[in-house]
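Q: Sharing a structure, written as structure tokens. Questions coming.
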Amino acid sequence: MITKPSVLVARAVFPEVLHKLEQHFSVESNQDDIVFSAEELARRLQGKAGVFTTGSERISAALLAQCPDLRICANMAVGYNNFDVPAMTTAGVMATNTPDVLTETTADFGFALLMATARRMAESEHFLRAGLWTRWSYDMFAGAEVHGSTLGIIGMGRIGQGIARRGALGFGMKVLYCNRKPLDAETEAACQARHVSKTELLQTADHVMLVLPYSAEAHHTIGAAELALMKPTATLVNIARGGIVDDAALAAALRNRTIAAAGLDVFEGEPAVHPDLLTVPNVVLTPHIASATIPTRLAMADLAADNLISFLVHGKALTPLNAPAP
Ligand code: DGY
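For the sequence shown, the tail end lands on 326 under my numbering, and the numbers increase by one without skipping.
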């Protein structure tokens with residue numbers, strides 16, 4: 001009898017995706033959705049050839065050393081700062097993520113957060129719910145213009161490009177971007193975007209959008225010094241990763257009106273949120289939901305599952321992040 005490889009699905013997932021995995025593997029699932037400690041994750045990975053992870057599972061060198069049977073970690077996320085990819089490569093463990101399937105949905109959300117932030121939607125909704133709306137007035141919750149304004153995008157990968165297209169083509173915005181590497185001329189033209197330095201972008205943009213991946217170099221890309229370069233009327237949106245913004249410095253800048261407003265979907269140390277951010281009114285806060293539509297989350301889960309199947313059954317990952325020696 002051929003025994004199926006064993007895999008762990010580390011968080012709750014769509015039942016149809018579990019079912020698909022069960023056709024190929026002996027599956028240990030976690031439909032109670034407990035977030036495992038590092039010790040518990042290592043314990044559950046004993047004898048497992050693969051693991052389906054989300055951003056909440058950290059795959060470190062220390063964990064890998066305890067899991068000699070592990071051959072692949074398939075992340076249900078495009079971001080993979082929860083993976084120590086060099087350590088995985090050294091340990092001979094394949095790493096995969098879920099690019100492309102969430103690009104447009106995440107770009108939609110980035111734009112929604114920009115609109116909500118610029119037009120003060122959360123602040124004004126709280127005011128209304130609190131029963132404070134007694135009359136119209138000419139400047140009540142007057143926000144920043146979006147159409148025709150200047151959008152600055154830091155990180156111009158697929159999602160950044162999606163946001164640029166929305167801004168330029170849908171809202172007539174002038175789009176500036178900064179990226180480690182400028183786009184090729186054809187992609188730049190399709191996005192109607194111009195490459196500038198980070199300083200020029202921060203000084204010029206009416207709305208700054210962060211879409212860059214997290215790395216040690218990207219830590220605190222926006223801190224007190226960068227916020228001081230921005231216009232006092234500007235807004236900042238972070239749909240990238242916690243740690244890209246110095247949240248304490250941002251809370252101070254919002255309180256002091258160094259900038260007008262911010263929209264944040266990701267936080268340093270999430271799901272904890274810096275307490276100062278909870279007390280400033282001019283920030284829209286959402287719990288890391290930029291890719292959260294059912295079709296997109298299903299496509300992400302499907303791709304992570306397909307990576308496990310394709311690698312463990314057919315020997316080739318679909319969206320690899322590394323090339324460990326076999
Ligand atoms: C991603 O895909 O990286 C998202 O942040 C997870 O929802």
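Each residue gets a CB set at the ideal place from its N, CA and C atoms; glycine is no exception.
Hey, out of G50, G263, A118 and M140, whose CA is closest to F127's CA?
A: Translated into positions along the sequence shown, residue 127 becomes position 127. Nearest C-alpha to F127: M140.
Q: For the putative contact between T103 and R158, defined by C-beta atoms under 8 Å, what is the C-beta separation to the nearest angstrom?
A: Here residue 103 refers to the residue found at position 103 when the sequence shown is read from its first residue. Here residue 158 refers to the residue found at position 158 when the sequence shown is read from its first residue. About 5 Å; that satisfies the 8 Å criterion.
Q: Per DSSP, what kind of secondary structure is S26 in: helix, strand or coil?
A: Along the sequence shown, read from residue 1 onward, the residue named residue 26 stands at position 26. S26: strand per DSSP, three-state reduction.
Q: Assign L278 to buried or exposed, taking buried as 16 or more other Cβ atoms, counted over all protein chains shown, within 10 Å of its Cβ.
A: By 1-based counting over the sequence shown, the position of residue 278 is 278. Counting Cβ neighbours within 10 Å, L278 comes out exposed, since fewer than 16 surround it.
Q: Please identify the residue among P182, S56, L8 and A234 whose C-alpha is closest to the C-alpha of A272.
A: Taking the sequence shown and counting its residues from 1, one reaches residue 272 at position 272. For the residues P182, S56, L8 and A234, the minimum Cα distance to A272 belongs to S56.
Q: Taking the beta carbon of N75 as the centre, do at least 16 other beta carbons fall within 10 Å, making it buried, or is it exposed?
A: Start at 1 with the first residue of the sequence shown, and residue 75 comes out as number 75. Under this definition N75 is a buried residue.
Q: Would you please state the rounded distance, in angstroms, between the beta carbons of A260 and N282? I believe it to be under 8 Å.
A: In the sequence shown, the residue the question calls residue 260 occupies position 260. In the sequence shown, the residue the question calls residue 282 occupies position 282. With a Cβ gap of about 7 Å, A260 and N282 count as contacting.
Q: Cutting at 6 Å between CB atoms, please list the residues of its own chain near L229, excluding the five before and the five after it.
A: Reading the sequence shown from its first residue, position 229 is the one you call residue 229. Same-chain partners within the cutoff: L202 and Q203.
Q: Which whole-angstrom value is the C-beta distance of I222 and V245, which I expect to be below 8 Å?
A: Taking the first residue of the sequence shown as 1, we reach residue 222 at position 222. Taking the first residue of the sequence shown as 1, we reach residue 245 at position 245. 5 Å between Cβ atoms; contact.
Q: Run through the stretch 142 to 186 for me and flag every whole beta strand (DSSP E) of 3 or more residues, listed as ranges in chain order.
A: The qualifying runs are 150 to 154 and 174 to 178.
Q: Is it buried or exposed, H333, if we count other Cβ atoms within 10 angstroms and call 16 or more buried?
A: The shown model of the chain, from 1 to 326, leaves out residue 333, and the question about it has no answer.
Q: Can you list, in chain order, every residue whose CB sits closer than 5 Å to a heavy atom of the ligand DGY?
A: In chain order, the qualifying residues are A77, V78, G79 and S291.
Q: With three or more C-beta pairs closer than 8 Å as the rule, is the stretch 302 to 319 touching the stretch 19 to 27?
A: With a cut-off of 8 Å, the stretch 302 to 319 and the stretch 19 to 27 count as touching, because enough Cβ pairs lie within range.
Q: Once you ignore the five residues that flank E270 on each side, which residues in its own chain have a CB closer than 7 Å to its CB?
A: Mapped onto the sequence shown, residue 270 falls at position 270. So the list reads G242 and H288, once near-sequence residues are dropped.
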